[in-house]
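Undergrad:
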Amino acid sequence: MRAGDTVIVWKLDRLGRSLNDLIETLTLLKDRGADFISLTEKIDTTTPGGKLIFHLMGALAEFERDLIRMLVLSYNGQPVMGSPWWVDTLNVAPGESYLSALTE
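Following the working numbering, the numbering of the sequence shown begins with 1005 at its first residue and continues without gaps.
#1: Can you list, in chain order, the residues of its chain with a C-beta nearer than 6 angstroms to that of D1017? Leave out the 5 residues immediately preceding and following it.
#2: Evaluate S1078 with the Cβ neighbour count: other Cβ atoms within 10 Å of its Cβ, from every protein chain shown; 16 or more gives buried, anything less gives exposed.
#3: Express the C-alpha separation of T1029 and G1037 in angstroms, rounding to a whole number.
#4: Would you kindly report the start and end of the unbroken alpha helix (DSSP H) that includes D1070?
#5: Mind reading off the beta-carbon distance from F1040 to T1049? Whole number of angstroms is fine, and I expect it under 8 angstroms.
#6: Which term fits G1053, buried or exposed, when burial requires 16 or more other beta carbons within 10 angstroms of its beta carbon?
#7: With DSSP as the reference, label T1031 as helix, strand or coil.
#8: Take M1135 as the anchor and find which of K1015, V1013 and K1034 has the nearest alpha-carbon.
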């Protein structure tokens, strides 16, 4: 990585697993004179506003990962509704869905 290089990611959560990881990576890039671009979040770290958005989006990405982890652990790795992951279709019992009530 050299001065003037740019690191481009599709989404901020692809860059690091926690807010601390993201901040460390951004600091490393800044120290080497490199820029950072996130295509999805439209983040430009060369401005104060861009740095603020970077930190906010990083915190939200970490929160999302923690929330997903908590949900998976709370169901012991089982799907929430009990359907195996390899099932492509969901079989709804007649009369149990909101849409079936509307069509009757």
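Ideal Cβ placement from N, Cα and C applies to all residues, glycine included. Everything numeric in this text was worked out from a predicted model, so none of it was measured.
TA: Judging by the given coordinates:
#1: Within the sequence shown, residue 1017 is the residue found at index 13, counting from 1. Result list for D1017: A1065, in chain order.
#2: On the sequence shown, position 74 is the one that residue 1078 refers to. By the neighbour-count rule (16 or more Cβ atoms within 10 Å), S1078 is not buried but exposed.
#3: In the sequence shown, the residue the question calls residue 1037 occupies position 33. In the sequence shown, the residue the question calls residue 1029 occupies position 25. The straight-line gap from Cα to Cα measures roughly 12 angstroms.
#4: Counted from its first residue, the sequence shown places residue 1070 at position 66. Looking at the DSSP string, the run of the alpha helix (DSSP H) that includes D1070 is P1052 to S1078.
#5: Taking the sequence shown and counting its residues from 1, the one referred to as residue 1040 is at position 36. Taking the sequence shown and counting its residues from 1, the one referred to as residue 1049 is at position 45. Indeed they touch by this definition, with Cβ atoms about 5 angstroms apart.
#6: As a first step, residue 1053 must be located in the sequence shown, where it is residue number 49. The residue in question, G1053, is exposed, as its Cβ has fewer than 16 Cβ neighbours within 10 Å.
#7: Within the sequence shown, numbered from 1, the residue matching residue 1031 stands at position 27. The answer is helix: DSSP assigns T1031 an H, G or I state.
#8: Look at the range of the chain in this structure, 1005 to 1108, and you will see that residue 1135 is not part of it.
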